[in-house]
Structures are given as C-alpha cells and as structure tokens.
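Numbering (UniProt numbering), first residue to last: 1 to 125.
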C-alpha cells in the first residue's frame with residue numbers, strides 16, 4: 001500500500017527532474033513463488049520488529065547485490081518495500097538512510113537467530 005512508504009517529494013511537481021527519464025516500464029508481476037517468498041519475508045520482518053525494536057534495534061542492514069554495499073532499512077521502510085513488491089512487482093524508490101549508526105541495525109541472519117533463540121527459550125520452559 002502506498003501509505004506505507006514516504007511520499008515522492010516530486011509527486012505532482014511539473015519540474016520533476018525525473019520527468020526526462022520518461023515513464024518506468026511496467027514491472028513484471030511476481031511469480032507465485034516470488035510472491036510467497038515476499039509474504040514470508042514480510043511476516044519475518046513483523047516478528048523481527050516485535051522482538052528487536054524493544055531492544056533498541058532500528059531495522060535491518062542488507063547487502064546490496066547490485067552495488068556491493070550495505071543498505072540500512074528502518075522497520076517501516078523495509079515493510080513498505082515488501083508491500084510494494086507484493087502489490088506492484090517492485091519496491092518504491094526511496095531515499096537511503098542518512099548516516100545511519102551501524103550499531104542500531106542488525107543483519108537478517110542475526111534477526112533470524114535472535115527469533116530462533118527466543119522460540120527455543122520459550123519451548124524449553
């Protein structure tokens with residue numbers, strides 16, 4: 001849903017610098033497997049957030065396969081990107097985090113391990 005992501009700062013601006021690029025190609029719809037994977041990722045993000053945000057974690061850091069750098073996503077942006085992917089076949093263009101403190105973010109693998117640890121602890125009680 002579009003309300004899950006920040007509004008395009010150039011929306012409805014007749015002087016939008018991106019207007020010269022033309023309209024973006026319509027994205028290919030996700031395959032059933034890709035959609036299922038994105039829905040699973042979205043559910044995982046909700047669980048990660050519910051357990052990690054109270055611990056002071058602001059979001060996840062993900063390795064970008066295109067540029068090879070790490071990108072920092074707060075919970076809302078990550079959730080919004082996944083919703084956009086599910087609904088429209090591609091994530092909304094967004095502004096990257098400005099000078100994020102890496103200690104405020106964890107990797108997907110760390111978050112998964114944290115959740116698994118919480119589940120194991122609950123099951124052993």
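Idealized CB from N, CA, C, for every residue including glycine. Computed from a predicted model, the values in this text were never measured in an experiment.
Across the segment 97-114 and the segment 41-59, are there enough close Cβ pairs to call them in contact, namely three or more that are closer than 8 Å?
yes
Using the beta-carbon count (16 or more within 10 Å), is residue 98 buried or exposed?
exposed
Short check: CB of residue 100 to CB of residue 72, under 8 Å?
yes
Local Cβ density within 10 Å of residue 70, reported as buried at 16 or more and exposed below that:
exposed
Could you name the residues that DSSP lists as bridge partners for residue 62?
71
What is the rounded straight-line gap between the Cα of residue 90 and the Cα of residue 41?
14 Å
On a CA-only basis, which of 87, 67, 61 is nearest residue 78? Give me that one, please.
61
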